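See structure below.
2 protein chains.
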Amino acid sequence: MGNYKPLTKREAIEYVKQVQGIFSDNADLECEEIGDGNLNLVFHICDKNSDQSIIIKQALDHVRIVESWPLTKERVRFEYKAMDIQDKLTNGMVPKVYKFDEELALIVMEDLSDMTVMRKGLIAGEKYPHFADQISTFLSKTIFYTSDLYLDPKEKKEKVKEFINPELCKITEDLVFTDPYYDAETNNINPELRPYLENEFWKKAELHKEVTILKEKFMTKAQSLIHGDLHTGSIFINQEAIKVFDAEFAFYGPSGFDIGAVIGNLILNYASWTGKKVSREFKNDYRNYLLETIKNIWNEFEMKFRSFWDKHAHEVIKAVDGYQDAYLTQLLQDSIGMGGCKTMRRCIGLAHVEDLDGIEDLKKRAEAQIFALKIGEAMVIRRKKLNSIEDFIKIVQKITNQEDA
Amino acid sequence: MGNYKPLTKREAIEYVKQVQGIFSDNADLECEEIGDGNLNLVFHICDKNSDQSIIIKQALDHVRIVESWPLTKERVRFEYKAMDIQDKLTNGMVPKVYKFDEELALIVMEDLSDMTVMRKGLIAGEKYPHFADQISTFLSKTIFYTSDLYLDPKEKKEKVKEFINPELCKITEDLVFTDPYYDAETNNINPELRPYLENEFWKKAELHKEVTILKEKFMTKAQSLIHGDLHTGSIFINQEAIKVFDAEFAFYGPSGFDIGAVIGNLILNYASWTGKKVSREFKNDYRNYLLETIKNIWNEFEMKFRSFWDKHAHEVIKAVDGYQDAYLTQLLQDSIGMGGCKTMRRCIGLAHVEDLDGIEDLKKRAEAQIFALKIGEAMVIRRKKLNSIEDFIKIVQKITNQEDA
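Chains as they are written, first to last, in the UniProt record's numbering: chain D, 1 to 405; chain Z, 1 to 405.
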C-alpha cells in the first residue's frame, strides 16, 4: 500500500476518467467533496453533459477518533468485500460498486443522492410502507446465507477469518457496550440528562451486567456476516427501494446485532417525538406506524428466514425437531437485547443521532433521552422473557403510557 | 511444503542427529515406530548409551478418516502453536518441544513414556490425588488468559484468526454433535446397544435439539483457545505431574468444551464399572473417588479462575457487579452440557473408549453404555438448571441409585 495518498478533487476526476465504463470520453466532470472529513473523503463527481454521477469514498489513513483507536485504511477492504457479498445475496440492495482500489483505499460507487438517508426521512415524519418488507429481505438473506445453517462449515470458517475486523469492532465494544454505562470521557452528555445518569442510570447494576453479557456475545458469537452498523443513517430510501451502505464494520458476529440496530434506531425516532412540537394526533399516528414497522420487520424476517431454512439448510439441521423455533426465539431475544444497547448508546455515548439531538431545548431533549433509555433498558433486561415481537411491542406501549400519564 | 515425505525409522534417526542439543555426538540411537499408523507416525528414538529418548510425531499427508474429511498435515502447525501457548501459560504442563518442522509436518518432543496415559490408569483403578489441582490449573490458566477477559481485544481476534482450524473442528462437529443422534454410517454400534438406540435414544427430540444448540455454540462461540480434544487419553499422568498432549484440535471455541471433555471422560470411566467384575465395595469407593475428583476439578477451577479475574481482568470488566458470577454459572452449564455430548458420542459414534470397549461381554457393555448415555443425556437436558457442581453430582448419584436398584 506504498502509493496511498488522499486525492484532491482534481485527482479524483482524473482517477474516474481512467475507470472504464463509467463516463463517456466527452464527459465534462465536476467534483465536490461532501464527506464530513473525519474518517473518509467523499467525492461526488458529476458529468455536466449527461447528469451521470458517481461517488468516490476514500478512507483517510490512520485516523484517530479516540486516543486509543487508530483506524487504518484497511477498513475499506472490509467494506468492499461485505458489499460484494450483500449485493449478491440481496440482488442489489447495496450501492453498485464500479471499482475497489486497495492501494488508494477507495471505492468508486453508485451515486444515490437522489434517495433519502432514512434517518432524515423519519425525522421529517415520512412513512415508508415497503421498508419492513425490504429490510427483512436484506436481513434474512444476509443472516441466513452467511451462517452455519447454510454454508459449508469450512467455507464459513474461512469467511470468519477473512472478516476478522478488530479495529472497527473495538469502536462498537467501547462506544456501544462499555462507555455509556459509566462516566467515561468519551461520552457526550446533555447536561440536562446528567442528573438522571448520576442518580439512577449508572447505578443500575443488573443492567450493567446484562449489557456486559451482550458485549461478550458481540465479541465471541461468530454467527453470520453482519453489516455491523445498520442504523437508519446507513440506509438510503425512497418509496420504491432501499440501499444499505457504509459496511466497514462488517464482521462475523451475532446475527441479532443488525436486526437490533434497525429496531433500536426506529425506537430512537419513536422516543424523539416526545420532545417535538407536533400534534398529539400526529405523534400517536407516527408512533403506531413505527411500532407496526418494527412488528412487520421481525415477522417478515421470521417468515423469510424459516422459508430459507426449510429450503436450504443442511439436511442434518433440518432433521432436528424444534431447533428452528429455538433458534428464532434466541435470535429475537438477542436482537432486542442488542437493539436496547444501540438505543442507549445514542443518548449517552460519543455518537448521537439527529432524531434526538435535533431537539434544541435541552430539557425537552433530556426527557426524550430518558424515555429512550427506559425503553432501551427494558429491551436488555426483559429480552429473555420475549417469545414474540408482540411481547416487545406491548412493553414499549406500556412504557409510553406511563410516560404520557 | 514441497519437500514433505513420511520418514523411515532410519531417516528419523538421521533427522534427530541434526537437531542441536538433544543427543550427544556419541549417542547410539535406536528407533521404534509406535503410532497406530492411521493419522500420524510416532517415532520413539532412544540412545542406548544414555537412556535418553525423544518422540517424533509426524503427520501423514491427506489422511481420510471418513470419506468427507481429508486431514491435511497443517494440523501439526495448530498443535505446535497451541502447545507453545499452553506451555507458557501453565509453566510446562505439556511435553517439551525440541523442534517443529513445518515442511516435514513433525514435532520433536519430550518422551513421556515413563508416565501413564490417564485413561489406562483409570481403567486399572488407580487414584491420582493431585489431578484435580493439576488439571484445574491447566484449564483455568489456558481458559482465562486466552479470553477477552484478559487479552487485548485486537490480540485476541488475531489469535482467533490464527487458530481457524476447520478440518479438525469438522470431525468434532460430525462425530460429537451430529452422527451419534441418528443411525449414521460413521457410527460404531454395539449390537446389544442397538435396540435401546432404535427404540429410545434416537427418538429423544428434546435431547437432539439441545445437542444441536450446543453444536451451534461449538461452531460459533470463540471464547478461549481450547485444547479441543482433552479426554483422559490426551493426558500423561503419574503421582507427581500431568502433561497434556495431542493438541491438534486446538481452536478458539467455547471454554466449557475442554472442562466438559475432562468431566465427560471421568463419567465414562464411572459408568464402565457397571460392566466389570469388581467388588461392590471397590466399585463404590472408586466411583466416589471419581465424583469427588469432578467436584474438586470444578471447584478448584472456579477458585483459580476467580483469582485470575480479580487480579488480571480488564478494569472495565472488573467493575461490573455480578458479571463474574454470571460468567461462571454459564461456564458451568456449558461445561456440563458439552461433557454430556462427549460422554454420549463415545458410546455410539466412530471413536470409542477403552473404559467401555474393554468390557468384553457385549450385553454387559451395553448396560454400561446405557448407563453412560443416561448420565450424558441428563448433562445436556438439565444443564441450564445447574448452579453448582454439587447439583450435578446429585444428578449422577440419583441416576446411579436408579441403576443399582
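Where a beta carbon is used, it is the ideal one built from N, C-alpha and C, also for glycine. Since the model is a prediction, treat every value here as computed from it, not as a measurement.
*Rounded to whole angstroms, what's the CA-CA distance from glutamate 388 of chain Z to alanine 326 of chain Z? Just pull it up for me.*
Here residue 388 of chain Z is taken as the residue at index 388 of the second sequence, counted from 1. Here residue 326 of chain Z is taken as the residue at index 326 of the second sequence, counted from 1. The residue asked about is misnamed: residue 388 of chain Z is serine in this sequence, not glutamate. Serine 388 of chain Z and alanine 326 of chain Z: Cα-Cα distance of roughly 12 Å.
*At 7 Å on the CB atoms, spell out the chain Z contacts of aspartate 310 of chain D, in chain order.*
Taking the first residue of the first sequence as 1, we reach residue 310 of chain D at position 310. Chain Z residues near aspartate 310 of chain D: none, gap ~16 Å exceeds 7 Å.
*Would you report the Cα separation of methionine 1 of chain Z and lysine 73 of chain Z, rounded to the nearest angstrom?*
By one-based count along the second sequence, residue 1 of chain Z stands at place 1. By one-based count along the second sequence, residue 73 of chain Z stands at place 73. Residue placement at methionine 1 of chain Z is poorly supported in this model, since its pLDDT is 46, which falls under 50; the coordinates still yield a value, given next. For methionine 1 of chain Z and lysine 73 of chain Z, the distance between alpha carbons rounds to 10 Å.
*With distances taken between CB atoms, is the gap from alanine 247 of chain D to alanine 82 of chain D smaller than 7 Å?*
One-based indexing of the first sequence puts residue 247 of chain D at position 247. One-based indexing of the first sequence puts residue 82 of chain D at position 82. Yes, they are a contact pair.
*Leaving out five residues on either side along the sequence, give the residues of the same chain with a beta carbon under 7 Å from the beta carbon of lysine 394 of chain D.*
The count along the first sequence starts at 1 and reaches residue 394 of chain D at position 394. Result list for lysine 394 of chain D: empty, nothing under 7 Å.
_Contacts that alanine 222 of chain Z makes with chain D (C-beta to C-beta distance below 7 Å)_ = Counting from 1 along the second sequence, the entry for residue 222 of chain Z is found at position 222. Near alanine 222 of chain Z (Cβ distances below 7 Å), the residues of chain D are Thr220 and Ala222.
*Does the segment 361-381 of chain D come close enough to the segment 291-300 of chain D to have 3 or more Cβ pairs within less than 8 Å?*
no
*Kindly say whether valine 316 of chain D, judged by its beta-carbon, lies nearer than 7 Å to any beta-carbon of chain B.*
Going by chain labels, chain B is absent from the structure shown, which instead holds the protein chains D and Z.
_Only counting the same chain, and skipping five residues up and downstream in sequence, which positions put a Cβ closer than 7 Å to that of aspartate 345 of chain D?_
Within the first sequence, residue 345 of chain D is the residue found at index 345, counting from 1. This sequence places arginine at residue 345 of chain D; aspartate is not what is there. Its chain contains Leu175, Val176 and Pro180 as the residues whose beta carbon lies nearer than 7 Å to that of arginine 345 of chain D, once the 5 sequence neighbours on both sides are disregarded; these appear in chain order.
*Are the beta-carbon atoms of methionine 115 of chain D and asparagine 3 of chain D separated by less than 7 Å?*
Here the question's residue 115 of chain D lines up with position 115 in the first sequence. Here the question's residue 3 of chain D lines up with position 3 in the first sequence. Their beta carbons are not under 7 Å apart, which means methionine 115 of chain D does not touch asparagine 3 of chain D by this criterion.
_Any 3 or more C-beta pairs closer than 8 Å across the segment 48-60 of chain D and the segment 102-110 of chain D_ = yes
*Run down chain Z in chain order and give the residues with a C-beta less than 7 Å from the C-beta of alanine 326 of chain D.*
Counting from one through the first sequence, the residue named residue 326 of chain D turns up at place 326. Per Cβ cutoff of 7 Å: Lys209 and Ile213.
*Of all the CB atoms in chain Z, is at least one closer than 7 Å to the CB of threonine 232 of chain D?*
Residue 232 of chain D sits at position 232 when you count from the first residue of the first sequence. By this cut-off, threonine 232 of chain D is not an interface position.
*Indicate the three-state DSSP secondary structure (helix, strand or coil) for serine 358 of chain D in the structure shown.*
Numbered from 1 along the first sequence, position 358 holds the residue referred to as residue 358 of chain D. One detail in the question is off: residue 358 of chain D reads as glycine in this sequence, not serine. Glycine 358 of chain D falls in the coil class under three-state DSSP.
*asked:* Counting beta carbon pairs with one atom in the segment 157-173 of chain Z and one in the segment 326-340 of chain Z, are three or more of them shorter than 8 Å?
replied: Segments in contact, no.
*Does methionine 1 of chain Z have its Cβ less than 7 Å from a Cβ in chain D?*
Position 1 of the second sequence, counted from the start, is the residue given in the question as residue 1 of chain Z. Below a pLDDT of 50, predicted positions are generally treated as unreliable, and methionine 1 of chain Z, at 46, falls in that range; the measurement from the model is reported next regardless. Not one chain D Cβ lies under 7 Å of methionine 1 of chain Z.
*Measuring alpha carbon to alpha carbon, tell me which of Z/Phe131, Z/Phe100, Z/Glu216 and Z/Tyr150 ends up nearest lysine 156 of chain D.*
Here residue 156 of chain D is taken as the residue at index 156 of the first sequence, counted from 1. Measuring from the Cα of lysine 156 of chain D, the nearest candidate turns out to be Z/Glu216.
*Could you give the DSSP three-state label for serine 24 of chain Z: helix, strand or coil?*
Taking the first residue of the second sequence as position 1, residue 24 of chain Z is located at position 24. Serine 24 of chain Z: coil per DSSP, three-state reduction.
*Please list the partners that lysine 170 of chain Z has in chain D, where partner means a Cβ-to-Cβ separation under 8 Å.*
Residue 170 of chain Z sits at position 170 when you count from the first residue of the second sequence. Neighbours of lysine 170 of chain Z on chain D, chain order: Pro153 and Lys154.
*So, do the segment 349-369 of chain D and the segment 128-136 of chain D have three or more beta carbon pairs nearer to each other than 8 Å?*
Touching, no.
*Looking at the C-beta of aspartate 178 of chain D, does it have a partner C-beta in chain Z at a distance below 7 Å?*
By 1-based counting over the first sequence, the position of residue 178 of chain D is 178. The sequence shown places threonine at residue 178 of chain D, rather than the aspartate named in the question. So, interface residue.
*For glutamine 397 of chain D, which residues from the same chain have a beta carbon less than 8 Å from its beta carbon, with the 5 sequence-adjacent residues on both sides left out?*
As a working mapping, residue 397 of chain D is identified with position 397 in the first sequence. So the list reads Leu291, once near-sequence residues are dropped.
*Which residues mark the beginning and the end of the beta strand (DSSP E) in which lysine 243 of chain D is found?*
In the first sequence, the residue the question calls residue 243 of chain D occupies position 243. Where lysine 243 of chain D is concerned, the enclosing beta strand (DSSP E) stretches over 242-244.
*Thinking just about the alpha-carbon of each residue, which of Z/Phe282, Z/Ile259 and Z/Met118 is nearest to the one in phenylalanine 301 of chain Z?*
Sequence index remark: in the second sequence, residue 301 of chain Z carries index 301 (1-based). The shortest C-alpha separation from phenylalanine 301 of chain Z is found at Z/Ile259.
*Which full runs of the alpha helix (DSSP H) of 4+ residues lie inside the segment 243-304 of chain Z, going along the chain?*
256-272
*Alpha carbon to alpha carbon, how far is lysine 209 of chain Z from leucine 197 of chain D?*
Here residue 209 of chain Z refers to the residue found at position 209 of the second sequence. Here residue 197 of chain D refers to the residue found at position 197 of the first sequence. Roughly 43 Å separates the two Cα atoms.
*asked:* With a threshold of 8 Å, are at least 3 pairs of Cβ atoms found where one atom belongs to the segment 269-286 of chain Z and the other to the segment 184-202 of chain Z?
replied: no
*Could you work out which residues of chain D lie near glutamate 173 of chain Z, taking near to mean beta carbons separated by less than 8 Å?*
For the purposes of this step, residue 173 of chain Z is taken as the residue at position 173 of the second sequence. In chain order: Pro153.
*Does DSSP classify threonine 8 of chain D as helix, strand or coil?*
If you number the first sequence from 1, residue 8 of chain D lands on position 8. Coil at threonine 8 of chain D, not helix or strand.
*Put serine 224 of chain D into one of helix, strand or coil per three-state DSSP.*
As a first step, residue 224 of chain D is located in the first sequence; it is residue number 224 there, counting from the start. In the structure shown, serine 224 of chain D sits in a strand (DSSP, three-state: E or B).
*Any idea what DSSP makes of lysine 159 of chain Z, helix, strand or coil?*
Working through the second sequence from its first residue, we reach residue 159 of chain Z at position 159. Helix, per DSSP.
_With a threshold of 7 Å between beta-carbons, can glycine 253 of chain D be considered close to chain Z, or not?_
Locating residue 253 of chain D in the first sequence gives position 253, counting from the first residue. So, not an interface residue.
*Cα separation between glycine 264 of chain D and serine 272 of chain Z?*
For the purposes of this step, residue 264 of chain D is identified with residue 264 of the first sequence, where counting begins at 1. For the purposes of this step, residue 272 of chain Z is identified with residue 272 of the second sequence, where counting begins at 1. Going by the C-alpha atoms only, they are around 53 Å apart.
_C-alpha gap between lysine 9 of chain D and valine 63 of chain D, whole angstroms_ = For this step, residue 9 of chain D is matched to residue 9 along the first sequence. For this step, residue 63 of chain D is matched to residue 63 along the first sequence. Each residue's Cα considered, the two are about 20 Å apart.
_Assuming glutamine 324 of chain D and threonine 220 of chain Z are in contact, meaning their beta carbons sit under 8 Å apart, how far apart are those beta carbons, in whole angstroms?_
Start at 1 with the first residue of the first sequence, and residue 324 of chain D comes out as number 324. Start at 1 with the first residue of the second sequence, and residue 220 of chain Z comes out as number 220. Distance from glutamine 324 of chain D to threonine 220 of chain Z at the Cβ level is roughly 17 Å; contact not present, criterion being Cβ atoms closer than 8 Å.
*Neighbour list for alanine 205 of chain D in chain Z, Cβ cutoff strictly below 9 Å*: Your numbering for residue 205 of chain D matches position 205 in the first sequence. In chain order: Val320, Asp321 and Gly322.
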